[in-house]
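In structure tokens form, the structure reads like this:
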């Protein structure tokens, strides 16, 4: 969930770092990320792997660490926020998701150069 959300947030707040088509693709990443579909991050990672992949790793690692600290569990292998009722420690899960997404966004914003 974190990589597409981090990219989506970054395309929203750091528009100069992305082309118009990338910003448009970033919008769909909100929906994909919240649905637990990470494939929305693939085009961005393929286009700029040296910047996007480390940002996604940093954000995902932060989210994973926080979710473990809160002992969050997820019995459904897919579904994103739509399976919130079956998540153990949903507040911890939400905090981890937000924190990881913001860390990923910040790292991506720092690594990515402005588009000409």
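Residue numbers (the UniProt record's numbering): 1 to 116. C-beta atoms are modelled at their ideal positions from N, C-alpha and C, and glycine is treated no differently.
Top-ranked residue by Cα proximity to residue 36, from 3, 91, 85, 113: 3
Assuming contact is defined by CB atoms lying nearer than 8 Å, are residue 33 and residue 11 in contact in what I supplied? no
Do the region 39-53 and the region 68-79 make contact, defined as three or more Cβ pairs closer than 8 Å? no
By DSSP's criteria, residue 87 is part of a beta bridge. Which residues make up the other side? 74
Rounded to the nearest angstrom, what separates residue 97 and residue 46 at their Cα positions? 23 Å
Skipping 5 residues on each side, what residues in its chain have a beta carbon closer than 7 Å to that of residue 58? 103, 104, 107
Mark residue 6 as exposed unless 16 or more other C-beta atoms lie within 10 angstroms of its C-beta, in which case mark it buried. buried
Short Cβ contact (8 Å threshold) for residue 110 with residue 54: no
Which of the three DSSP states, helix, strand or coil, is assigned to residue 1? coil
Could you check what DSSP says for residue 57 in three-state terms: helix, strand or coil? helix
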